[in-house]
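So for the sequence shown, the numbering used here puts the first residue at 3; every next one is plus one. Just so it is clear, CB atoms sit at the ideal spot from N, CA and C, and this is done for glycine as well. Take a look at the structure below.
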Amino acid sequence: MSLSTEELTEYLARQLNNFFPDRNEVKPMELSSPIKSTLERIEYCFSNIHSKYFFDGKDTIFNHLCSDQYSMFLYMLSSSLYKQKETPHLSEKVYCLNKALHAIDVYYEVELPDIFMFTHCVGTVIGRAKYADYLIIAQNCTIGNNHGIYPAFEGRVFLFPRSSVIGESTIGGNTLVSADTYICDQDVEGDCIVSGRSPNLEIRPSEESAYRTFFKYFNL
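Structure follows, in C-alpha cells:
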C-alpha cells in the first residue's frame, strides 16, 4: 500500500472535511473500522486482477494516487458504511467524494460483485443492476433502468467505452460489449461480441483469442 492504514484513514478524513466543511466533521476514528474491512475486500478483488498496477504476482498493490484504484476503494467503502446503517452522512460523503474526484456515479446501494475492475472510469454511471464476478467497466459507460427495471449481468462481461446497458436486458457471460453500443430491453446470450444499437444489435461469436486478450486481467 502507498499509505499505511492509519495514514489512509487520516488522509481520507481530511479529504472529506475539505470537500464537505459542514457541521458534521469527519473524525478518523469513525472511518477506522470500515476502512479495515474495505481493505480486506480490496485485497481479495485486486489479487484476482492480473495487472502490474493491481497485483505483482505475490502481493496486491493499492496506490491511493491511482485514480481507478481509489475510485474502487471509495465505492467499496461507501457501500460498507451504508450497510452499517450507523453513520449515513459518511456513506453519502464518500459517495459524493468519489463523484467529485473521478466523475463516476456509483451509488452506495449498488451491489457490485467481489471481483470487478474500473478502467479510466471518468463519466461512468453504474445503477442498481444485478452483477456477477469478472466485470470490467470502462469510461463513459451507463448501466441504468427503464421504467424501474434494471439489467442483469452474468460473469465475465467487459463494457467498452461509451457503451450502455439499459432496462430489462440480460447480458450473458463471456461477452464483450463494444464501444458505443446501446442495449435496451434486449437480451444477449453470451460468448459473443455485441455492437450496434437496440433493437438492431450485431452479435458475433467471440473468438478465444479475443476473449483471452480482454480478460487477461483476471485469474480465470
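Would you mind stating whether residue i and residue j have Cβ atoms separated by less than 8 Å?
i: T144; j: S166; result: yes
i: R43; j: M78; result: yes
i: I37; j: T62; result: no
i: I151; j: C123; result: no
i: Y46; j: S81; result: no
i: F21; j: L137; result: no
i: A102; j: A131; result: no
i: N176; j: S200; result: no
Given a threshold of 16 other Cβ atoms within 10 Å of its Cβ, counted over all protein chains shown, does residue i qualify as buried or as exposed?
i: E32; result: buried
i: K85; result: exposed
i: S93; result: buried
i: Y97; result: buried
i: H104; result: buried
i: T7; result: exposed
i: N50; result: buried
i: R158; result: buried
i: D116; result: exposed
i: D135; result: buried
i: K95; result: buried
i: L67; result: exposed
i: S35; result: exposed
i: E191; result: exposed
i: E88; result: exposed
Between residue i and the rest of its own chain, which residues show a CB-CB distance below 7 Å, the 5 nearest in sequence each way excluded?
i: S140; result: Looking at the sequence shown, residue 140 is not Ser but Ala. Cβ within range, chain order: T121, H122, L161, F162, P163.
Give me whichever residues DSSP pairs with residue i in a beta bridge.
i: F160; result: I138, L178
i: N202; result: R199
Quick one: what's got a C-beta closer than 6 Å to residue i's C-beta in the same chain, skipping five residues either side?
i: N142; result: G125, P163, R164
i: I168; result: G146, N148, C186
i: S197; result: S180, T183, E204
Once you ignore the five residues that flank residue i on each side, which residues in its own chain have a CB closer than 8 Å to its CB?
i: F48; result: F56, F57, T62, I63, F64, Q71
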